[in-house]
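To keep things clear, I will list the structure first and then write my remarks on it.
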Amino acid sequence: MTRLEPRAHELTVGQLAERSGVAVSALHFYESKGLIASRRTAGNQRRFARDTLRRVSFIKVSQRVGIPLSEIKEALATLPEGRTPTVDDWARLSEQWRGHLNARIAQLQKLRDDLTECIGCGCLSLSKCALANPYDRLGEEGPGPRRLLVREAGDPAGGPCA
Ligand code: FES
């Protein structure tokens, strides 16, 4: 892994790929979807501002925890264009995502901790179902594993996080 020259303010797509660990083809895809942007040289080569590394890292980690690209794009759209985002800019993005991420964390924790319990899915296959979901009473509430779903704060339908 070649360490980037600290004074380098612009990166080639190869440098961006190597330092971020994201394939060049994926960077081209992110650019085609408007998640990142570059300028073109006289020779029509892409040059990315160095702070694109932070955006690509944000995309990579967000995707790793299952957040759809559409939501990642919405979040990145809150960052200013044409200048390097400041701590305050990222704090604003983070604040907007807090509720969503908390719901995801809660969902992951329930998935980790509650699989030995009745999850209210209608299968009635565990002895615990008789107590927790007699005659699949929870099916009247709606589809899915009613006791495993985490409802996102402010979701009037009480639907699970996406
Ligand atoms: S685990 Fe499916 S209904 Fe209880």
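Sequential numbering from 537 applies to the sequence shown in my numbering.
Beta carbons: idealized from backbone N, C-alpha and C, even for Gly.
Let me check you understand the geometry: is the CB of residue 662 closer than 7 Å to at least one non-hydrogen atom of the ligand FES?
Residue numbering aside, residue 662 sits at position 126 when the sequence shown is read from its first letter. Short note on residue 662: C-beta closer than 7 Å to some heavy atom of the ligand FES.
Considering only their Cβ atoms, is the gap separating residue 687 from residue 656 smaller than 8 Å?
Translated into the one-based positions of the sequence shown, residue 656 becomes position 120. Translated into the one-based positions of the sequence shown, residue 687 becomes position 151. No, the Cβ-Cβ distance between residue 656 and residue 687 is not below 8 Å.
Can you tell me the Cα-Cα spacing of residue 552 and residue 664, whole angstroms?
Reading the sequence shown from its first residue, position 16 is the one you call residue 552. Reading the sequence shown from its first residue, position 128 is the one you call residue 664. C-alpha separation (whole angstroms): 52 Å.
Per DSSP, residue 565 forms a beta bridge with which residues?
As a working mapping, residue 565 is identified with position 29 in the sequence shown. Residue 565 is not bridged to any residue.
For residue 678, is the beta carbon positioned less than 7 Å from some heavy atom of the ligand FES?
Within the sequence shown, residue 678 is the residue found at index 142, counting from 1. No, the beta carbon of residue 678 sits no closer than 7 Å to any heavy atom of the ligand FES.
Please report how far the alpha carbon of residue 563 lies from the alpha carbon of residue 659, in whole angstroms.
Mapped onto the sequence shown, residue 563 falls at position 27. Mapped onto the sequence shown, residue 659 falls at position 123. C-alpha separation (whole angstroms): 43 Å.
Classify residue 588 as buried or exposed, calling it buried when 16 or more other Cβ atoms lie within 10 Å of its own Cβ.
In the sequence shown, residue 588 corresponds to position 52, counting from 1. It is buried - the Cβ of residue 588 has at least 16 other Cβ atoms within 10 Å.
Are the Cβ atoms of residue 540 and residue 555 separated by less than 8 Å?
As a position in the sequence shown, residue 540 is number 4, starting the count at 1. As a position in the sequence shown, residue 555 is number 19, starting the count at 1. Yes, the Cβ-Cβ distance between residue 540 and residue 555 is below 8 Å.
Short of 8 Å in beta carbon distance, which residues of its chain neighbour residue 592, apart from the five on each side in sequence? Order them along the chain.
Residue 592 sits at position 56 when you count from the first residue of the sequence shown. Around residue 592: 552, 556, 558, 563, 566 and 572.
Run through the stretch 613–655 for me and flag every whole beta strand (DSSP E) of 3 or more residues, listed as ranges in chain order.
none
Once you ignore the five residues that flank residue 569 on each side, which residues in its own chain have a CB closer than 8 Å to its CB?
As a first step, residue 569 is located in the sequence shown; it is residue number 33 there, counting from the start. Closer than 8 Å at Cβ, skipping near neighbours: 605 and 609.
DSSP state of residue 546, grouped into three classes?
In the sequence shown, counting from the first residue as 1, residue 546 sits at position 10. Strand, per DSSP.
Look at residue 544 and residue 586 and say whether their C-beta atoms are less than 8 Å apart.
As a first step, residue 544 must be located in the sequence shown, where it is residue number 8. As a first step, residue 586 must be located in the sequence shown, where it is residue number 50. For residue 544 and residue 586, yes; Cβs fall inside 8 Å.
May I ask whether a heavy atom of the ligand FES can be found less than 7 Å away from the beta carbon of residue 638?
Within the sequence shown, the letter at position 102 stands for residue 638. No, since every heavy atom of the ligand FES falls outside the 7 Å radius drawn around the Cβ of residue 638.
Sequence-distant residues of the same chain with beta carbon closer than 7 Å to residue 614, five excluded per side:
Taking the first residue of the sequence shown as 1, we reach residue 614 at position 78. So the qualifying residues of the chain are 628, 629 and 632.
In the DSSP assignment, the alpha helix (DSSP H) including residue 590 goes from what residue to what residue?
What you label residue 590 is simply residue 54 of the sequence shown in a count that begins at 1. From DSSP, the alpha helix (DSSP H) with residue 590 extends over 588–600.
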